[in-house]
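To start, the structure under review is shown below, and the notes come after it.
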Amino acid sequence: MNLNEIIQAAQGGQGVNNLASQFGISPDQAQAAIQALTPAFSAGLQNTIQNPEGLGGLASHLASSAHLGSYQDPNQAAAATGAGSDALSQIFGSQNVVARLSQHASQISGVDPQTIQQMMPVVASLVVGGLAHSLNANGFGNLLGQLAGAAAAPGGLAATLDQAGASPAAGGLFGGLVQSVLGGLFGGAQGGAQPAGATAPALQAGLSALVNMLQPGVQVSEAHQQGLNSILQGSAGRG
-14 MNLNEIIQAA
-4 QGGQGVNNLA
6 SQFGISPDQA
16 QAAIQALTPA
26 FSAGLQNTIQ
36 NPEGLGGLAS
46 HLASSAHLGS
56 YQDPNQAAAA
66 TGAGSDALSQ
76 IFGSQNVVAR
86 LSQHASQISG
96 VDPQTIQQMM
106 PVVASLVVGG
116 LAHSLNANGF
126 GNLLGQLAGA
136 AAAPGGLAAT
146 LDQAGASPAA
156 GGLFGGLVQS
166 VLGGLFGGAQ
176 GGAQPAGATA
186 PALQAGLSAL
196 VNMLQPGVQV
206 SEAHQQGLNS
216 ILQGSAGRG
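Under our numbering, the first residue of the sequence shown carries the number -14, and numbering increases by one thereafter.
Right, dumping it as structure tokens:
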């Protein structure tokens, strides 16, 4: 599944309609807003997993029951707004970036930018919950827990990878794996050492599945992509 398919499947396939009801817009407007925001979430998430700190932070959100509950049950979505705001900060960093993305999505979709900005924490929770749901369905639930646990340990995920001889600086597990996976799917840097350590195959499979899910799955015009690149420039590798 790609990101658009994950969002469309939220809350038993009624997630977009439920967003429309929650924010007082038509289903067509909600769909237009989602189509405009999906490439932004795709790019932001790709940026986030480019370093151990970012991946660790995202893993903590992926392991959160609040996001999974929001994705599965519309009655839990409102309660997950706070968690969604935290996820939004993890993905995009500053509120200034979120505001600019809202304006950009408004220009694409025709939906009021303030409405889109209010929607974004809810959408973030749906996105993260949907990624967690899909990873769990593919047998990577334990891996999510391990990554989240490593992120919460002293030194974070970077320290765990370093102990495994897999720090980015060493060109090991993280440097070689993530860059090669991202390079193969999104045209980024390639090469690096082969994954090291006993958990490398599981981590490689899990990250490969995650990166596949981060493909937007919607048509993005050149102007739309250029606008996103301009807004998100400098946020890559954020922890």
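C-beta atoms are modelled at their ideal positions from N, C-alpha and C, and glycine is treated no differently. Computed from a prediction, not measured in an experiment: that's the story for all the values here.
Check                                                                                                                   : Outcome
Euclidean distance between Cα positions of L(-12) and L195                                                              : 10 Å
Cut-off 6 Å between Cβ atoms - residues of its own chain near S87, not counting five sequence neighbours on either side : P98, I101 and Q102
Close-in-space but distant-in-sequence residues of the same chain around I93 (CB under 7 Å, 5 per side omitted)         : A21 and H209
For N127 and P59, the rounded distance between their alpha carbons                                                      : 26 Å
Candidates N32, Q61, D71 and A63: closest to L47 by CA position                                                         : D71
Residue span of the alpha helix (DSSP H) that contains V107, given as start and end                                     : P98 to A122
Beta-carbon proximity list for V203, same chain, < 7 Å, skipping 5 on both sides                                        : N(-11), Q20, T23 and P24
Cutoff 8 Å; reference T66; Cβ partners in own chain excluding five residues on either side                              : P106, V107 and S110
Residue burial classification, G150 (beta-carbon count within 10 angstroms, cutoff 16)                                  : Low per-residue confidence applies at G150: pLDDT is 46, beneath 50, and the placement is therefore not dependable enough to give any value.
Status (buried if at least 16 other CB within 10 Å, exposed otherwise) for G157                                         : Summary for G157: the model assigns pLDDT 42, below 50, so the residue's position carries little reliability; its value from the coordinates is reported in the next sentence. Counting Cβ neighbours within 10 Å, G157 comes out buried, since at least 16 surround it.
Where N197 falls: helix, strand or coil (DSSP)                                                                          : helix
Closest by C-alpha distance to V113, when choosing among S79, A63 and S49                                               : S49
Cβ pair H54, L120 closer than 8 Å                                                                                       : First, the amino acid is wrong: residue 54 is Gly here, not His. No, the Cβ-Cβ distance between G54 and L120 is not below 8 Å.
Reduced DSSP secondary structure (H/G/I, E/B, other) of A(-6)                                                           : coil
N2, enclosing alpha helix (DSSP H) - first and last residue                                                             : G0 to F8
C-alpha distance - I216 paired with R85, whole-angstrom precision                                                       : 7 Å
C-beta atoms of Q14 and V1 nearer than 8 Å                                                                              : no
Cβ separation of I76 and F26, assumed to be a contact under 8 Å, to the nearest whole Å                                 : 7 Å
Proximal residues to A183 (C-beta, below 7 Å), its chain only, five neighbours per side dropped                         : Its pLDDT being 34, under 50, A183 is placed unreliably by the model, and nothing is read from it.
N- and C-terminal bounds of the alpha helix (DSSP H) containing A25                                                     : P12 to T33
Same chain, Cβ closer than 7 Å to F171, neighbours up to 5 away in sequence not counted                                 : Its pLDDT being 45, under 50, F171 is placed unreliably in this model, and the value from its coordinates should be taken loosely. Hits under 7 Å: Q31.
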